[in-house]
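A.B. asks: Sending over a structure as structure tokens; questions will come in a sec.
Residue numbers (our numbering): 90 to 259.
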């Protein structure tokens with residue numbers, strides 16, 4: 090599906106490769122939590138012509154530790170991927186992120202020309218891939234990545250729920 094997030098299949102089944110790479114994003118989210126940031130993680134996976142895939146960019150929320158409002162997992166992963174590629178265009182790749190990207194990150198996704206985004210759980214307060222806004226599906230923009238949501242959603246949302254419950258002392 091181009092632009093707006095697609096719903097999980099009725100059976101809840103996902104591609105095994107998507108499940109694997111989301112696991113890597115979840116690992117990044119756990120590292121963010123270790124330094125006091127909201128546990129959101131991302132990886133950019135490049136797909137080679139020989140059918141292999143590998144991570145070219147890692148990111149985890151670092152807003153608190155870096156005192157930087159733009160230090161979101163997706164932005165950091167895209168920066169690292171761009172550096173690895175030597176180009177601002179992140180083609181032949183997929184961004185895996187544990188939470189639906191916000192407007193800033195969705196804008197960076199569009200500008201990077203990454204062809205596909207896979208996220209874990211939706212963000213009903215700030216999601217910009219179909220929940221609150223649909224930046225990635227905006228027809229007036231010159232790039233619209235395929236966006237798929239719901240991969241390991243329960244695990245991704247569980248990390249966030251636990252983090253905020255601990256902050257509230259529950």
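A virtual CB, placed ideally from N, CA and C, is assigned to each residue, including glycine.
1. Helix, strand or coil for residue 267, going by three-state DSSP, please let me know.
2. Quick check: the Cα distance between residue 253 and residue 242, rounded to an integer number of angstroms?
3. Mark residue 238 as exposed unless 16 or more other C-beta atoms lie within 10 angstroms of its C-beta, in which case mark it buried.
4. Apart from the five residues just before and just after residue 116, which ones in its own chain have a Cβ nearer than 8 Å to its Cβ?
5. Spatial neighbours of residue 142 within its chain, please: CB distance less than 6 Å, with the 5 preceding and 5 following residues excluded, ordered by chain position.
6. Express the C-alpha separation of residue 209 and residue 122 in angstroms, rounding to a whole number.
7. So, do the region 170-186 and the region 195-204 have three or more beta carbon pairs nearer to each other than 8 Å?
8. For the alpha helix (DSSP H) containing residue 143, list its first residue and its last residue.
9. From 188, 246 and 167, pick the residue whose C-alpha is nearest to that of residue 216; which is it?
C.D. replies: Quick answer:
1. Beyond the ends of the chain as shown, which are 90 and 259, falls residue 267; an answer cannot be given.
2. Position 164 of the chain shown, counting from 1, holds the residue named residue 253. Position 153 of the chain shown, counting from 1, holds the residue named residue 242. So the alpha carbons of these two residues sit roughly 17 Å apart.
3. One-based indexing of the chain shown puts residue 238 at position 149. Residue environment: residue 238 is assigned as buried (16 or more neighbouring CB atoms within 10 Å of its CB, all protein chains considered).
4. As a working note, residue 116 is residue 27 in the chain shown. The residues are 130.
5. In the chain shown, residue 142 corresponds to position 53, counting from 1. These residues qualify, in order along the chain: 134 and 136.
6. Your numbering for residue 122 matches position 33 in the chain shown. Your numbering for residue 209 matches position 120 in the chain shown. So the alpha carbons of these two residues sit roughly 17 Å apart.
7. Contact between the region 170-186 and the region 195-204 is established, with three or more Cβ pairs separated by less than 8 Å.
8. The sequence position of residue 143 within the chain shown is 54, counting from 1. Counting along the chain, residue 143 falls outside any alpha helix (DSSP H), though it belongs to the beta strand (DSSP E) covering 142-149.
9. Indexing the chain shown from 1 puts residue 216 at position 127. If we check each option's Cα against that of residue 216, 188 comes out closest.
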